[in-house]
Amino acid sequence: MARSDTASATALARGVPLAVERDHQVLHDLLDRPAQVHAQGAPTGLFQIDHLRTPGDFGVLAQRTLVRCQLLVNRLARAAAPDAPRAELASVVRHLDRLSDMLCGVIDMAELVRHAHPEGAWAEAANAAYEYLCNFMNVLNTHTGLYEALRRAMADADVWRALSEEARAVAIIFLRDFEKSGIHLPPHERERFVQLSDEIMVLGRAFLQDMATGASDAPVAFPVELLRGLDTSPLGLRTGLLSRARAVPVMPGSWEVHYIARHAPDARARRLAYEISYTGRTQPVQVLEQLLRTRYALATLTGKHSFAEMALVDKMAGTPAHAERFLHRIAAAQRPAAERVMAELSRLKQEQEGSSQLALWDREYYADAYLQQYQPAHLAPLSPYLSLGSVFAGLSRLFYLLYGIHFRAAEVQPGEVWCRDVLKLDVVDEREGGVIGAIYCDLFSRAGKPPSAAHYTVRCSRRLDWDDAQDDVALGASEGLPADIDTEPLLGVHGVTARGRPGRFQLPVVVLMTDFAAPTAGVGGATLLRWHDVETLFHEMGHALHSMIGRTEYHNVSGTRCATDFVELPSILMEHFLTDPSVVELTAHHHQSGAPLPYPQLEAHLHAQRRLDVLDAHQQILLATIDQQYHSARAGDAHFSTSRELERVQRDMGLFPPVPDATWQGQFGHLFGYGATYYSYLLDRAIAARVWAQVFRPDPLSREAGERYKTEVLRYGGGKNPWHMLATLLRDDTLAEGDARAMEAIGRWGLAPPAAP
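The sequence shown begins at 1 in the UniProt record's numbering and counts up one residue at a time.
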């Protein structure tokens, strides 16, 4: 029997057409027997952009983009004039979206290339283009002419009434972005706003840099006597050295310190390891506190009471009070299960040390001991059933059964991709009768490539047939701009039509990046994934699916361009599909025999792996609460101390006693990138669990359920109020207002699906 015959038979029996299943077979074999699909002939440019063939072309493209954008900026600013043609005022939202698309079309692509391209010249050129256009975009964020044009358009009752719901959502997004940039402030306050914003960026980078380098390059002498009973071979320490030396040098924050904290039987060693890593590191804490105070000053300048209030105005939570209500409810829902595990850890410590009092430095050590007592004597490995080809083909089968969408391996043109082993997938929709987008899969580890998985949006959906770029020259010309400007699409995108859908659309393009091991001859060329790798792939593919289905008329609300605390719903929901028996049957098959993964074998792994999930969830709730407190009005207090705030939160809701004067917060990097929104992942976990239970769990391969989710949520991207989408999907009108009651309801749901009836 061929390797994939059983998977194909299952898919065909479930209703996947033979022609679609042939595409799955090609994809499976392509990934498990690597032979990339590269065309022969004359080279094209990166992403098939004809004029992006060399690193130097990036700079030329950035300059051409700026000129085209400046024309449109002039045109938009003139639309605010009292004597401007009414049609120009009516087109302000559409033109602002086109302006955003022109800039993001290059910026987002440059963002990918500067991180992913293995050639330094390309990465440097992409970075230069990225910074050049981002600087211009920052100028536009405080452009009073654009702001006035938008305000006039929104204030005109006839113009506003004529806009679609999606267009109104875009208008509100632009208005909030402008006002978040302080554009509505008097000139002297606007100057102060810019100054504070620059300070925040400098402080944020310094905070992350301090985290990366550590507080000190000086090693700490670790007493050898505390290492008795610890297997020191991973540390590279010989027995003879330990018998002669009194201390060994360790670096703060190093993996050696974390190894000691996790495995040392002596509680004194664990405590010292914790203190080396998480106390006394005052430099990053000082930078963090200055960052928080500066954010508070920025928020109060705009009339807000706190940075959290400023950050949440366009999020599902809406206000800090709502976010805190959610966290309070979710903490109460999770705490009983967490306390049961803590009782087990306390019992283990009592048995080993004669004391049941747990400290923060005991967590990893006794968590390991707890897992060991529940670990089966022998667990058969999962990886032989998780080849890259099998998992990708299974994902495509799942998407077809749910949404009528599947992947087809596409031929890559010379020069189209940044690395030879990048796979291109066309996303095909049976209803629309063709390709609806492309996913470039950069899957394998290589030197210089970021190690973390990511989903990059390179190009968004947008309706093109109503563009009138030819009028930009006539209506936006000004001194200093060239007279002979080419108004052809900057990236050569002319768009496509689709069956049953009016208009001509730019197709979305995304890049899915992972860090999987390269194929090896030892397993016939297949890449065998760990379970964590498969979870990562399903998660990131949830984002990619959102980008493909959320094909809106406006770039600014396409796919994943939605509220920060809603964007993770599709990706987390995919993790629920991953462990369902019917999906495993489509996805996991032995890379040699084609035999399906025995589900009890997977259950045994999951049972062992997930026993500590409740502790991890409680820690995330704690971190989200700290994030809210740090970005509250407390940051404006002259005596504000992040260490005291951390101690207070740990004392009020933590499972372990607080450590006085801890500096752990100096390593919480998300405080910069996710300021006041760290709760978002928890919110979407709770929503995803409820959506899974109510919509999909009765029949995870149901096309009816898939169409409901697709048409009531995914297709809107960020173009519709997420609370309204959620209320419709879950048939619960009490959620529609998105108020305190709605946030509390989600908190009460908890993070796991309710038990099946």
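We treat Cβ as the ideally placed atom computed from N, Cα and C, and that holds for glycine.
8 Å Cβ shell around residue i - same chain, five flanking residues per side excluded
i    : result
T6   : H589, G594, A595, P596
G492 : Q48, I49, D50, H51
A338 : V614, L615, A617, H618, L655
Spatial distance of residue i from residue j (CA atoms)
i    : j    : result
A410 : G750 : 42 Å
A604 : Q375 : 9 Å
A329 : G673 : The displayed chain sequence assigns Arg, not Ala, to residue 329. Computed Cα separation, rounded: 25 Å.
T294 : A162 : 41 Å
L133 : M201 : 17 Å
R501 : K720 : 19 Å
S582 : E430 : 22 Å
G675 : T564 : 11 Å
A126 : H115 : 9 Å
V20  : P657 : 57 Å
I107 : P414 : 23 Å
L312 : P570 : 21 Å
Y278 : T642 : 13 Å
A123 : T579 : 38 Å
H117 : P698 : 44 Å
S347 : S355 : This sequence places Arg at residue 347; Ser is not what is there. Each residue's alpha carbon lies about 9 Å from the other.
K180 : L203 : 19 Å
T677 : L196 : 20 Å
R190 : N141 : 12 Å
Y366 : Q350 : 11 Å
L71  : A477 : 6 Å
Y147 : A321 : 30 Å
Best match in the options for proximity to residue i [C-alpha to C-alpha]
i    : options                : result
M102 : V458, A331, M743, I436 : V458
T497 : E575, A518, R463       : R463
P482 : Q63, E351, I436, M137  : Q63
F207 : L291, P187, M137       : L291
P187 : D177, H143, L312       : H143
T663 : E165, P17, L71, M211   : M211
E704 : W418, G404, L622, A686 : G404
G145 : R75, S164, F696        : R75
R499 : F58, D515, V428, Q70   : V428
S100 : T728, E256, F174       : F174
CB of residue i within 8 Å of CB of residue j, strictly
i           : j    : result
Y679        : A624 : yes
L586        : L398 : yes
A526        : S396 : no
A129        : L61  : yes
W466        : R22  : no
V691        : L573 : yes
Y456        : M548 : no
M310        : P722 : no
A149        : A77  : yes
A633        : H305 : yes
R611        : C460 : no
R715        : G550 : yes
T319        : G182 : no
residue 771 : P451 : The structure shown does not extend to residue 771, since the chain is modelled only from 1 to 757, so the question has no answer here.
Residue i: CB within 7 Å of a non-hydrogen atom of the ligand PLP
i    : result
G182 : With respect to the ligand PLP, the structure shown offers nothing to examine, as it has no ligands at all.
Residue range of the beta strand (DSSP E) that includes residue i
i           : result
Q506        : 501-506
T536        : That residue, T536, is in no beta strand (DSSP E); its alpha helix (DSSP H) goes 531-549.
L425        : 423-429
residue 758 : As shown, the chain starts at 1 and ends at 757. That puts residue 758 outside it, with no answer to give.
F444        : 434-444
T457        : 454-459
6 Å CB neighbourhood of residue i in its chain, flanking five on each side removed
i    : result
A215 : Any reading at A215 must be qualified, since the residue scores a pLDDT of 48, below 50, and its modelled position is unreliable; the value itself is stated next. The answer, listed in chain order, is R281, Q283.
R3   : In this predicted model, R3 has a pLDDT of only 46, less than 50, meaning its place in the structure is not dependable enough to derive any value.
Q667 : M211
A454 : M513
M1   : Annotation note: pLDDT 34 at M1 (below 50); position unreliable, coordinate value reported separately. Taken in chain order, the residues that qualify are G594.
Opening and closing residue of the alpha helix (DSSP H) in which residue i lies
i    : result
A87  : 86-90
P118 : Counting along the chain, P118 falls outside any alpha helix (DSSP H), and DSSP gives it neither H nor E.
M574 : 569-578
H494 : Run containing H494: none; DSSP gives neither H nor E here.
V170 : 165-180
P658 : Unbroken run through P658: none, as it is neither H nor E.
P581 : 581-587
D515 : That residue, D515, is in no alpha helix (DSSP H); its beta strand (DSSP E) goes 509-516.
Y370 : 363-374
Contact set for residue i: own chain, Cβ-Cβ below 7 Å, skip 5 residues either direction
i           : result
residue 794 : Since the first and last residues shown for the chain are 1 and 757, residue 794 lies out of range.
L602        : L382, V584
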